[in-house]
Amino acid sequence: MSTRTSVIVVDDHAIFRMGVVQALALSDEIRVVGEGSSAREAVSLAEALSPDVALIDISMPGGGITAATEIHQRCPTVKVLMLTVSEEDDDILRALDAGVAGYVLKGVPAPELITIVTTVKGGTSYIAPNLGLRLFNLMREESHPSTIAAKLNALTPRQRSTFELLSKGYSNRQIAQQLGVQIKTIKFHMSKLFEKIGVRNRVEAALLAREHLNRDK
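Its first residue numbered 454, the sequence shown is counted upward by one per residue in this note's numbering.
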């Protein structure tokens, strides 16, 4: 049984899409199992092929955000990576709200893209470094640092453990294994954790964890 990361690439610019496919082909750890050019095709491919990662364009026909939302709802095991030229805060936040596992800027070097794809498969969220800093600053503007610290101090021991493992890039399944509980229990803890610390998704939670947990050490 192959352990390679299976990927679908969906972008309406055929030449760019071909370049992405060729870049991923440089890795023996990745295999592209499907290609498309629209949101509808992205969802259909995700449902039919169940890839590990769906690499999709934000501005393709039908909308990458729409595709990401539907894939997240219909195929929750598929990690969606948004590939885009947009650095707009609104696009980043909308993508994260849609459940994407990562936000990658077009023009990223092939070796870096390969690394991002394989690490996202393993459960680690990714956002382009310069965008991650901006996103964290946006979060900090919405909630004063002392307020964030108070929220973190109010976490239960189990929530704190979950938060720390999340900051290391662990998936829900890996966190459940580490803590010796069922995955549905972790999903419950995760939803309560997000609500308690005031974030909307894993990427925002991971950014918050890396900033504050690292500061505490």
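We put the beta carbon where it would ideally sit given N, CA and C, even for glycine.
- Counting only runs of at least 4 residues, the stretch 457-541 fully encloses the following alpha helix (DSSP H) elements, listed from N- to C-terminal order: 467-477, 492-502, 517-527.
- Here I650 has K604 as same chain residues with Cβ atoms under 6 angstroms from its own Cβ, once five neighbours each way along the sequence are excluded.
- Minimum Cα-Cα distance from V474 among the listed residues S503, S620, L508, R653 corresponds to L508.
- I567 is classed as buried because its beta carbon has at least 16 other beta carbons within 10 Å across all chains shown.
- Bounds of the alpha helix (DSSP H) holding V570 are 563-574.
- When secondary structure is reduced to three states using DSSP, V557 falls in the strand class.
- Per DSSP, the unbroken alpha helix (DSSP H) holding L632 starts and ends at 625-632.
- In this structure, L479 sits near A563, with a CB-CB distance shorter than 8 angstroms.
- Counting C-beta atoms within 10 angstroms of its own C-beta, V538 has fewer than 16 neighbours from the protein chains shown and is therefore classed as exposed.
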